[in-house]
Every structure is written in structure tokens, then in C-alpha cells.
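Take 28 as the starting number for the sequence shown in the numbering used here and just add one per residue.
Glycine is no exception: its CB is placed at the ideal position from the N, C-alpha and C atoms.
Note sheet for the following structure.
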Amino acid sequence: MNKLTLLLLTTFLTFLCGCGETDPDTPPQILLGDSTCIECGMIVSDERFGTATIVEGERGSQALIFDDFNCQKNFERKHPELQVITRWSRDYETLAWFHTDEGWFAQSPQIRSPMASHIAGFASSDSAEAFANSLQGQVIQFSSFDTATEP
28 MNKLTLLLLT
38 TFLTFLCGCG
48 ETDPDTPPQI
58 LLGDSTCIEC
68 GMIVSDERFG
78 TATIVEGERG
88 SQALIFDDFN
98 CQKNFERKHP
108 ELQVITRWSR
118 DYETLAWFHT
128 DEGWFAQSPQ
138 IRSPMASHIA
148 GFASSDSAEA
158 FANSLQGQVI
168 QFSSFDTATE
178 P
């Protein structure tokens with residue numbers, strides 16, 4: 028097998044593997060400056076606020092990427108037909124991924140988020156409480172936040 032054939036075969040296999048389903052048990056890959064929010068069309072530029080909803084789609088599970096908690100909530104509200112498998116958020120301080128439905132969120136007008144949700148995610152309630160208290164904010168969970176403001 029010559030080098031060109033090997034290169035073409037490797038490229039094809041890489042492309043083929045990249046077109047598969049999203050693993051809902053693994054956080055999605057968000058490429059800063061390249062990934063686009065499905066709700067507002069803005070480029071994801073601040074990883075502290077990146078979120079994702081993993082849905083069951085026509086081609087299996089797929090990640091819907093958002094640049095802000097607000098966009099995620101608005102998109103899901105507008106699309107009740109979505110079959111949500113899981114949700115992922117970034118911890119504001121550590122940047123580690125956590126399951127959104129198990130996390131805690133600090134909300135304060137002093138939090139400057141990309142689409143004005145004024146919300147920062149945390150994997151632990153203690154971290155969310157400490158951060159919210161430092162900004163005279165409150166702590167919420169995903170399920171208790173019913174409405175998001177339109178930017």
C-alpha cells in the first residue's frame with residue numbers, strides 16, 4: 028500500500044468515525060472560537076458558560092451546544108418535542124463538566140454571562156452558595172428555573 032492510499036484511507040476512517048453519535052455519558056467537545064450556539068448563532072467564546080443538551084435525533088444522540096444557560100433554557104422551551112437524554116454544564120471555577128440536572132447555579136446581576144442569564148454553574152452546592160453570597164445572589168437548580176429572558 029503506497030503512502031497516498033494509506034493517507035486517503037486514514038482520512039476517510041477519521042471522517043467516518045467523526046460522523047457518529049454523541050456519547051451521552053461523555054461531555055461534548057466545545058471548540059472555543061469555533062463552536063456555535065444553536066439558539067443565538069453566536070460563537071462560544073467563554074468556556075465558563077458553555078452548556079450542552081444531548082438529545083435523541085434522527086442519527087442517534089446528538090449534542091446541542093449553547094454559549095449560555097439562557098440560550099439552553101430558551102431553546103428547550105421553544106422545542107418541547109426534544110427527547111433530552113442528558114445535559115452538561117461547565118463549573119465556573121474549575122471548568123470541569125458536570126451533569127446540569129445534578130448541579131447548582133449562582134444567579135446574580137453581577138455575573139456577566141454571554142447572553143445575560145447572569146448565571147454561573149457549579150458542580151457543588153457549597154461552591155455555588157459561596158459564589159452567590161459573594162455577589163449578593165441566589166442559588167438555583169436547572170429544574171427550578173422555569174423562564175429565561177430573551178436577550
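DSSP links S151 through a beta bridge to no other residue.
Between the alpha carbons of K105 and Q99 lies a gap of roughly 10 Å. Rounded to whole angstroms, the separation of the alpha carbons of I92 and V111 is 13 Å. Annotation for Q134: the continuous beta strand (DSSP E) segment containing it runs W131 to Q134.
Cβ-Cβ separation between H145 and Q163: approximately 12 Å, too far for a contact (criterion under 8 Å). Per DSSP, the continuous alpha helix (DSSP H) segment holding E103 begins and ends at F96 to K105. In this structure, A155 lies away from F172, with their beta-carbon atoms at least 8 Å apart. Look at A159 here: in three-state DSSP terms it is helix. With fewer than 16 other Cβ atoms from the protein chains shown falling within 10 Å of its own Cβ, S161 counts as exposed. For the 8 Å CB-CB criterion, Y119 and G77 do not form a contact.
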